Amino acid sequence: MADPGDCLNVDGSRAFHVSPPREVPPNTEFHLVHVRPLMHRFHPALPPNPLWGYNGQIPGPTFVARSGTPQLVRFVNDLPELDPVQIGLPILAVHRHGGFQAPEDDGYPLDTFCTGQSRDYYFPNSPAGQLRQNCHSTNWYHDHAIDITAQNVYRGLSGFYLHFNAFDTGNETDPAPALGLPSGQYDVGLVIQDRQFDANGFSVYDSFDHNGFLGDKFLVNGLIQPFMQVARRKYRLRLLNGSNARFYDLTLSNGRPFVVIGTDSCLLERPIQVSNFRIGPGERVEVIVDFTGTALGERIHLVNRLEQTNSRKPDSVVSPGTPLLQFRVNRDARDFSRIPDVLVPVTQGPRELLPQVQIQRTFKFGRSNGGWVINGEFFDENRIQADPRRGTPEIWHFESGGGWTHPVHLHLCDMFILARDGQRPPLIERGRKDMVNVGASYGSASVLVKFDYEFSEGPGRYAFHCHTTEHEDHRMMGQFEVI
Ligand SMILES: [Cu+2]
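What follows is the structure, encoded as structure tokens:
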């Protein structure tokens, strides 16, 4: 085991510790995850690549949380201290993106643990039965270590973290009030990422480019443009943009619509039918795709039509676009699933909360001296940019300068986007969100926020940042303290 005093974060601060024993409720589930190296084939024609994976898997194992059942997850850092590949560093912090957890369990970027060390994360998954938790659906977990998040995620450290509850039960045969959404093998998480490879088929990364990494090969669940065999019935697809800097605009090659049921952490109040949708880094869009009525043997592609040649912002939508995933219709299967008219009612939304707003704050995402800043300042653990009061709604305005798009992520928060450049946002952006894209091709954004910490005994600091992970690493991150 490494001497904890030997292990420093990239910024020179001391990395964290071995977790002390802690008391948890008797119904807590325990999970153990070893973060370790693996050899991974992105494609049968490419050589195995040396990656890092949670439990040695790409993507990491999918967690399933149930509202009311806490989880304690011990992450053990089994990565080598010295690594010839030089993408990422074996200094880890794990953030459950979209989750509500105490500050010490949130993957705060300086709360790191090194080779030979472990850290325990307690996820309360509470309060059971309350509406906010009952909308939580598709979250994910990924590395969040100070200054090296982009490289560590690129090296393989991300996975899905799904939530079920008394309504979204995970079993399509459950009668109402269960929602009856497609379940089991018909409920599939799909993480989309981009990569670059050298002439020998090895993944490469330019750690000197701080503007945002763009790859020219596209992965779904760690494989280059793979296929998935599907039955002629409905599927629930949980799409996650796990890319560092690339935006996508997704459509189906057969012209069929998506029925959007969730954005980011939460299910929508009502399903929305769309022919295409845009998804930025860190965002999730959950859809129902119905393969009923397709021909056996038919091949349908999930297509990205958004070009992006520069990490500054996405370009224009093109046709026919790039196929990311091929669905091969190969069988029939019974379908008990339903798409209810109402998924999760919004009882604490803009209508209820706006009259209570007294505080508004503005955050400008910009550039300074080759780094990335919020309101002109780099991330500094000793500076708190906002001190929202627990349970008190506020309006936060996000702006971006210089023609850059920034996917902004708030921890500990489900927010509502109130306006973009003063106009109501498109329908797909009116649900609860934990990401909001700001700047070129999106405009400014005003959001309604409300922070709670029912699970925690006291106040604490949480991060908010750009989710273009290179911008985040080059200090486009602030922190707020809920008081
Ligand atoms: Cu950014």
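For the sequence shown, my numbering assigns the number 15 to the initial residue and increments by one for each residue that follows. All C-beta atoms, glycine included, are put in the ideal place defined by N, C-alpha and C. Keep in mind it's a predicted model, so treat the numbers as computed, not measured.
In angstroms, rounded to a whole number, what distance separates the CA positions of Phe241 and Pro94? 33 Å
From what residue to what residue does the beta strand (DSSP E) around Leu462 run? Ala459 to Val463
Under the DSSP definition of a beta bridge, which residues are partnered with Ala79? His177
Report yes if the CB atom of Ser351 is closer than 8 Å to the CB atom of Glu186, and no otherwise. yes
Quick check on Leu338: does DSSP put it in helix, strand or coil? strand
Beta-carbon proximity list for Asn69, same chain, < 7 Å, skipping 5 on both sides: Val47, His48 and Pro75
Would DSSP call Gly198 helix, strand or coil? helix
Measuring CA to CA, which of Val301, His158, Phe222 and Val38 is closest to Thr152? Val301
I need the DSSP call for Asp208, collapsed to helix, strand or coil. strand
In the DSSP assignment, find the alpha helix (DSSP H) that holds Asn166 and state where it starts and stops. Thr163 to Tyr168
Alpha carbon of Phe430 to alpha carbon of Ile275, nearest angstrom: 16 Å
With a threshold of 7 Å, establish whether the CB of Met490 neighbours any heavy atom of ligand 1. yes
Is there at least one non-hydrogen atom of ligand 1 closer than 7 Å to the beta-carbon of Thr42? no
Between Pro440 and Leu339, what straight-line distance do the alpha-carbon atoms span, to the nearest angstrom? 26 Å
Which ranges does the beta strand (DSSP E) cover as unbroken runs of at least 3 residues, wholly within the segment 79-106, from first to last along the chain? 85-91
May I ask you to verify whether the segment 282-292 touches the segment 216-235, counting CB pairs closer than 8 Å and requiring at least 3? no
Going along the chain, which residues of its own chain have a beta-carbon closer than 8 Å to the beta-carbon of Arg247, five neighbours each way excluded? Pro196, Tyr200, Asp304, Phe305, Thr306, Asp346, Ala347, Arg348, Asp349 and Ser351
Continuous beta strand (DSSP E) assignments of at least 3 residues falling wholly in the segment 390-477: 408-414, 419-424, 429-434, 449-453 and 459-463
Short check: CB of His150 to CB of His177, under 8 Å? yes
Going by Cα to Cα distance, which pick from Gly311, Val452 and Pro328 is closest to Arg319? Pro328
On the DSSP letters alone, give me the boundaries of the beta strand (DSSP E) that Leu264 sits inside. Tyr262 to Leu266
Answer yes or no: do Gln399 and Gln322 have a C-beta to C-beta separation smaller than 8 Å? no
Limits of the beta strand (DSSP E) - the one that Leu367 falls within: From DSSP, Leu367 is part of no beta strand (DSSP E) but of the alpha helix (DSSP H) over Pro364 to Leu367.
Taking 7 Å as the cut-off, is the C-beta of Leu392 nearer than that to any heavy atom in ligand 1? The amino acid occupying residue 392 in the given sequence is Phe; Leu does not appear at that position. Not under cutoff, so the answer is no.
Taking the straight line between their C-alpha atoms, what separation do you get for Arg50 and Phe89? 10 Å
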